[in-house]
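Residue numbers (our numbering), protein chains in the order written: chain A, 2 to 419; chain B, 137 to 563. Note that CB positions come from ideal geometry on N, CA and C, so glycine has one too. All of these numbers come straight from a predicted model, not from anything done at the bench.
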């Protein structure tokens, strides 16, 4: 690997107002990406107002500082900024990518959405209406519906609640309640600004300091996820395929064995050569899509498994899916382990080539673990895992019983879900 | 072998490499000596548009079968080999082409080329064909649950009006069930000939090693010609409606006549469509999404071989569908009547330029436009050249395109439940 391309530095700074700035230099790139994470998500939506965070996330993008909605948007786009972002379970994000030369012009426009959003009365109704439209459109998106139902069944309130909110919750919102919510949750304490790309740290620090320095306010602590007892649930839907989702707890982000677990999941589902794809799709032709992946909330990790198949094959698909998850407790073979290790290490290296991927990874590491790791540190931690450690871990930590949720024309049999 | 290093470094440290092997295979590269990875892919000039009705969906089914083994490898061997390389890899099929690609660390490029090249000569075993047919049927079922996808197939079929660009990539349940291994083999032998393939490599590589390896790996490939019949498009205007009571929203796809990929004005069309229908800050965004009337409203331009189209999508509540589609049409109509502003044009240009630059950050991101560019234009285009072309367009160029009134000939297809304002019919 060429050394000028392997950044192993992450700069960081905490501003007086609490905002945490992280920056990974990628000096070979003409581009720069930034992710601003604000710690308000559906997990801490006010009681009876599910979707408040989502509406707030939209509303702050409808005019800020001296600029109304249209002027603010035009200013960003005139600089060629590509925008993204979403309202999540724990945090809301604003993501931007742009040519690095525009840093000093772009960052103040991003900052003003957080520090001085206008929250104008006239923009509230369309913001809420859009949230209501998005909630309604879920009805035609069975996979998304499945995961919302699964998270609600798996977790007891808090971040188990869907960021899309509820019909009743959205209907209950008023400009006053959402402004009050902003006062409670839209503050720099707990917020993270992560950047990566072709700029120098001193410049990033100065521009970010000027742009975000005036942001004031408090923030609420993140909601603690609470588990419901595992079980099964079926959601009736008139769909061509039955959607199958499973969820069970996993090591928390930052746990010393999190990379051991990551390697185990790679053996299960890291690629088309892994067990789930081989057993469910390649050998049996039961599905087009099957997989399992690690997800995390602050201080809590979990695994989500998924398969989609036509209703008559749902029992067998679920049976094989659960059997493969259980079988992993018996350990991995040496060649499977080697392939998983190669895959994880290779993806760590390739992650370092994209500014957007790095910025969002830095932001989520900071939120979930309260710390970040350079790609070099991650590589060393992954390399410290060997087959013996992996199999020892799996033996001592058998996968917990899964919560199973299905969505489709008919439920799966009790026997398949057991 | 003919060709060689055709073009000097185009921008920065990048270098373009190009060679046509004796068997007719074109191999190209864009060297970025600073990249930490390298991506490689076979671009096959074959897709749904090259299928006859009796083998509808064969290009895509074949794409799956290419992963199911060769004379040297079983399906499990192929999957295992990709894993041993730590490759990020996949394949896709469109109306225009089928692409197989992967990205690895540079020291594993040779093995990746060996694997991809071997896959281009598949065994197509009957037992694998039978199992994979079920996977294809599941994929078709999966897309049946995605109205956003279905409505594009329905609309494309109506708009292209018998032209091959309106063919379904997946095919139908019936055509897939009836398809035989022999039909697939015949299609393969006709379409997967060296002159119909481009092998593209992007990132960190040694060109002499690449050409030496590929020449050896593809030595047995016989040079045969494979054409593509380009039929003049006769796109339809009007409306189509399909009723599906399982849905709760109206999903509409919008098509209008656009430009072919060889048309010099294709960047003008791209900037124009982006100004009208980008997912943020565009005219359709302000008119529909910003107001909360629709959760999604977009327009883009797709330049294909010999023909092109403006392609859009909008989704709305059934009781609002007429109003929303009315606004959608009005936005396009007003652009035709009154034109666009210079600032508006500039914003659209800059957004596109940023997107192009971002995509080129990684070798894998760069690979597809590199391969597609070579296959459609027959020449190299650096990212900088494309950015310059986008930034070189003017709002007057946009007005010249609009003066041909492309949006007078809209084709709109609605996929909708009962209860939309007007009665829908089932075809």
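Residue environment, residue i, which counts as buried when at least 16 other CB atoms sit within 10 Å
| i | result |
| --- | --- |
| residue 204 (chain B) | buried |
| residue 452 (chain B) | buried |
| residue 243 (chain A) | buried |
| residue 90 (chain A) | buried |
| residue 544 (chain B) | exposed |
| residue 513 (chain B) | exposed |
| residue 258 (chain B) | buried |
| residue 217 (chain A) | exposed |
| residue 140 (chain B) | Here residue 140 (chain B) scores only 41 on pLDDT, less than 50, and its place in the model is too uncertain to base an answer on. |
| residue 563 (chain B) | Only weak support exists for where residue 563 (chain B) lies, its pLDDT of 36 falling under 50; the value from the coordinates is given anyway. Exposed, since its Cβ has fewer than 16 Cβ neighbours within 10 Å. |
| residue 219 (chain B) | buried |
| residue 78 (chain A) | buried |
| residue 541 (chain B) | exposed |
Pairwise C-alpha distance: residue j and residue i
| i | j | result |
| --- | --- | --- |
| residue 438 (chain B) | residue 233 (chain A) | 45 Å |
| residue 131 (chain A) | residue 41 (chain A) | 19 Å |
| residue 12 (chain A) | residue 193 (chain A) | 13 Å |
| residue 551 (chain B) | residue 141 (chain A) | 12 Å |
| residue 367 (chain B) | residue 300 (chain B) | 8 Å |
| residue 251 (chain B) | residue 22 (chain A) | 44 Å |
| residue 374 (chain B) | residue 283 (chain A) | 43 Å |
| residue 126 (chain B) | residue 226 (chain B) | Nothing about residue 126 (chain B) can be read from this structure; chain B reaches only from 137 to 563. |
| residue 217 (chain B) | residue 204 (chain A) | 45 Å |
| residue 337 (chain B) | residue 256 (chain B) | 16 Å |
| residue 303 (chain B) | residue 147 (chain A) | 31 Å |
| residue 144 (chain B) | residue 166 (chain B) | Residue placement at residue 144 (chain B) cannot be trusted, given a pLDDT of 38 that sits under 50; the coordinates are not used to answer. |
| residue 263 (chain B) | residue 230 (chain B) | 26 Å |
| residue 340 (chain B) | residue 354 (chain A) | 13 Å |
| residue 254 (chain A) | residue 410 (chain A) | 36 Å |
| residue 536 (chain B) | residue 236 (chain B) | 38 Å |
| residue 383 (chain A) | residue 345 (chain A) | 8 Å |
| residue 478 (chain B) | residue 532 (chain B) | 9 Å |
| residue 357 (chain A) | residue 35 (chain A) | 7 Å |
| residue 281 (chain A) | residue 111 (chain A) | 45 Å |
| residue 497 (chain B) | residue 149 (chain B) | 14 Å |
Rounded distance between the beta-carbons of residue j and residue i, thought under 8 Å
| i | j | result |
| --- | --- | --- |
| residue 224 (chain A) | residue 164 (chain A) | Contact doesn't hold; Cβ gap of about 13 Å is too wide. |
| residue 182 (chain A) | residue 399 (chain A) | At roughly 42 Å, the Cβ-Cβ gap does not stay under 8 Å, so residue 182 (chain A) and residue 399 (chain A) are not in contact. |
| residue 332 (chain A) | residue 266 (chain A) | Not a contact, Cβ separation roughly 14 Å. |
| residue 447 (chain B) | residue 492 (chain B) | Not really, about 19 Å apart at Cβ, beyond 8 Å. |
| residue 151 (chain A) | residue 406 (chain A) | 4 Å |
| residue 188 (chain A) | residue 220 (chain A) | 4 Å |
| residue 431 (chain B) | residue 201 (chain A) | Contact flag wrong, Cβ pair sits at about 41 Å. |
| residue 494 (chain B) | residue 349 (chain B) | About 31 Å separates the two Cβ atoms, so there is no contact after all. |
| residue 442 (chain B) | residue 396 (chain B) | 5 Å |
| residue 198 (chain A) | residue 33 (chain A) | 3 Å |
| residue 407 (chain B) | residue 319 (chain B) | Contact flag wrong, Cβ pair sits at about 43 Å. |
| residue 404 (chain B) | residue 534 (chain B) | 6 Å |
Simplified DSSP state of residue i, which is helix, strand or coil
| i | result |
| --- | --- |
| residue 421 (chain B) | helix |
| residue 262 (chain A) | helix |
| residue 539 (chain B) | coil |
| residue 226 (chain B) | strand |
| residue 21 (chain A) | strand |
| residue 516 (chain B) | coil |
| residue 173 (chain B) | coil |
| residue 147 (chain B) | Confidence at residue 147 (chain B) is low in this model, with a pLDDT of 46, below 50, so the placement of that residue should be treated as unreliable; the coordinate-derived value is given next. Looking at residue 147 (chain B) - three-state DSSP - the assignment turns out to be coil, as it is neither helix nor strand. |
| residue 527 (chain B) | helix |
| residue 355 (chain B) | coil |
| residue 391 (chain B) | strand |
| residue 142 (chain A) | coil |
| residue 182 (chain B) | coil |
Test: residue i CB closer than 7 Å to a CB of chain C
| i | result |
| --- | --- |
| residue 81 (chain A) | Within the model displayed, chain C is absent; protein chains A and B are what it includes. |
Whether or not the region 386-398 of chain A and the region 255-262 of chain A are in contact is what I'm after, with contact meaning three or more pairs of Cβ atoms, one per stretch, closer than 8 Å; do they touch? They touch, by the three-pair rule.
Are the region 281-291 of chain A and the region 307-316 of chain A touching by the rule of at least three beta carbon pairs closer than 8 Å? The region 281-291 of chain A and the region 307-316 of chain A touch, with no fewer than 3 CB-CB distances between them shorter than 8 Å.
Pairs of beta-carbons, one from the region 296-305 of chain A and one from the region 168-182 of chain B, closer than 8 Å: are there three or more? As far as the Cβ criterion goes, the region 296-305 of chain A does not touch the region 168-182 of chain B, which means the pair count is below three.
Tell me whether the region 344-354 of chain B and the region 416-425 of chain B touch, counting them as touching only if at least three CB pairs, one residue from each stretch, are closer than 8 Å. No contact exists between the region 344-354 of chain B and the region 416-425 of chain B.
Does the structure place the region 263-278 of chain B close enough to the region 370-389 of chain B that three or more beta carbon pairs sit under 8 Å? With contact defined as three or more Cβ pairs closer than 8 Å, the region 370-389 of chain B and the region 263-278 of chain B are not in contact.
Report yes or no: do the region 172-180 of chain A and the region 270-277 of chain A share at least 3 C-beta pairs separated by less than 8 Å? Touching, no, given that fewer than three Cβ pairs across the two stretches are closer than 8 Å.
Are the region 96-107 of chain A and the region 42-62 of chain A touching, with three or more C-beta to C-beta distances below 8 Å? When Cβ pairs closer than 8 Å are counted between the two stretches, the region 96-107 of chain A is seen not to touch the region 42-62 of chain A, the count staying below three.
Between the region 480-494 of chain B and the region 410-422 of chain B, do three or more beta carbon pairs fall short of 8 Å? The region 480-494 of chain B, when compared against the region 410-422 of chain B, does touch it at the 8 Å Cβ threshold.
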